[in-house]
Amino acid sequence: MRIELRVCYHCLRGEHENEHKTAVTRDLVACAEVVKEHKDVIDLEDVHIRKVKEDEGDDGRPTALPAVAATIQNEGVAVSDTQLITMGENGYMLVYPNPQDALKVLAGNIDEISKVTRSDILPDLSPEGAEILSGAPLGGGPEAEHGGNPGAAHGGPAGGPGAGGPAQSQSDTDSAADDGPNTQ
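Quick note on this note's numbering: the sequence shown kicks off at 75 and runs consecutively.
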């Protein structure tokens with residue numbers, strides 16, 4: 075399994091004056107750095123973190139995985155400035171252009187690492203990142219007062235791509251049975 079996180083360098087530094095995006099971008103990088111540091115624990119081949127700059131010398135190309143998420147804006151193609159790409163051993167790639175989804179996937183990887191190492195390695199997250207992982211709005215009721223769902227804050231989707239691959243349909247499961255265990 076290989077992972078590449080691409081983020082906007084300027085969002086990371088707070089230059090776009092969007093505090094929420096800056097906080098979530100910093101959380102993404104912090105989580106990706108933890109996953110990179112412990113990648114061998116969950117048999118990840120590579121973890122790349124790419125900080126894309128908005129200048130003529132940086133066209134936003136991938137560092138390691140040749141996939142880019144884009145949208146149509148003002149009748150033109152706009153490359154998503156924040157995206158997480160995962161590639162399993164079978165060559166299939168999953169692209170997460172939504173920062174909230176990317177954070178959940180990275181947190182799921184951290185949860186898997188924590189289970190193996192029996193230590194809490196989740197980095198300190200911003201209130202925005204903690205809200206995304208807990209699923210509870212900030213200041214929103216008893217769950218928020220007590221930290222929300224403790225499993226969600228440290229795991230996100232336990233079945234995320236970094237923790238064993240994407241969900242499979244029945245036909246995928248049948249073909250995977252022929253090849254042995256799913257080791258994405």
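Even glycine gets a Cβ: it sits at the ideal position worked out from N, Cα and C.
How would you call residue i, buried or exposed, if buried means at least 16 neighbouring beta carbons within 10 angstroms?
{"i": "E93", "result": "exposed"}
{"i": "G131", "result": "exposed"}
{"i": "R100", "result": "buried"}
{"i": "V190", "result": "exposed"}
{"i": "R261", "result": "Residue numbering for the chain in the displayed model covers 75 to 258; residue 261 lies beyond these limits and cannot be assessed."}
{"i": "E149", "result": "exposed"}
{"i": "D185", "result": "buried"}
{"i": "A204", "result": "buried"}
{"i": "E202", "result": "buried"}
{"i": "V151", "result": "exposed"}
In this structure, does DSSP put residue i in helix, strand or coil?
{"i": "E202", "result": "helix"}
{"i": "A218", "result": "Note that A218 has pLDDT 33, beneath the 50 cutoff, so the model's placement of it is unreliable and no number is given."}
{"i": "K127", "result": "coil"}
{"i": "T96", "result": "helix"}
{"i": "A106", "result": "helix"}
{"i": "L118", "result": "coil"}
{"i": "E111", "result": "helix"}
{"i": "L139", "result": "coil"}
Return the Cβ separation of residue i and residue j in integer angstroms, given the expectation that the two are a contact with Cβ distance under 8 Å.
{"i": "V98", "j": "P173", "result": "5 Å"}
{"i": "R76", "j": "E119", "result": "5 Å"}
{"i": "S154", "j": "P171", "result": "4 Å"}
{"i": "R124", "j": "E91", "result": "Not confirmed; about 23 Å, so no contact."}
Going by Cα to Cα distance, which pick from the options is closest to residue i?
{"i": "G88", "options": "A144, K127, A106 and V169", "result": "K127"}
{"i": "P197", "options": "A104, T96 and E91", "result": "A104"}
{"i": "H122", "options": "L168, S154 and T160", "result": "T160"}
{"i": "L199", "options": "L79, R135 and L180", "result": "L180"}
{"i": "K95", "options": "R192, T156 and G134", "result": "T156"}
{"i": "D114", "options": "V169, H84, N183 and A176", "result": "N183"}
{"i": "S188", "options": "R80, H90, I116 and L158", "result": "I116"}
{"i": "E163", "options": "L139, L86, E107 and E205", "result": "L139"}
{"i": "M167", "options": "V142, L177 and K125", "result": "V142"}
{"i": "D175", "options": "L207, T145, P136 and V151", "result": "L207"}
{"i": "D136", "options": "C82, G209 and I146", "result": "It should be pointed out that residue 136 corresponds to Pro in this sequence rather than to Asp. If we check each option's Cα against that of P136, C82 comes out closest."}
Any alpha helix (DSSP H) of 4 or more consecutive residues that is wholly inside the stretch 164 to 195: Complete alpha helix (DSSP H) runs here, min 4: 173 to 191.
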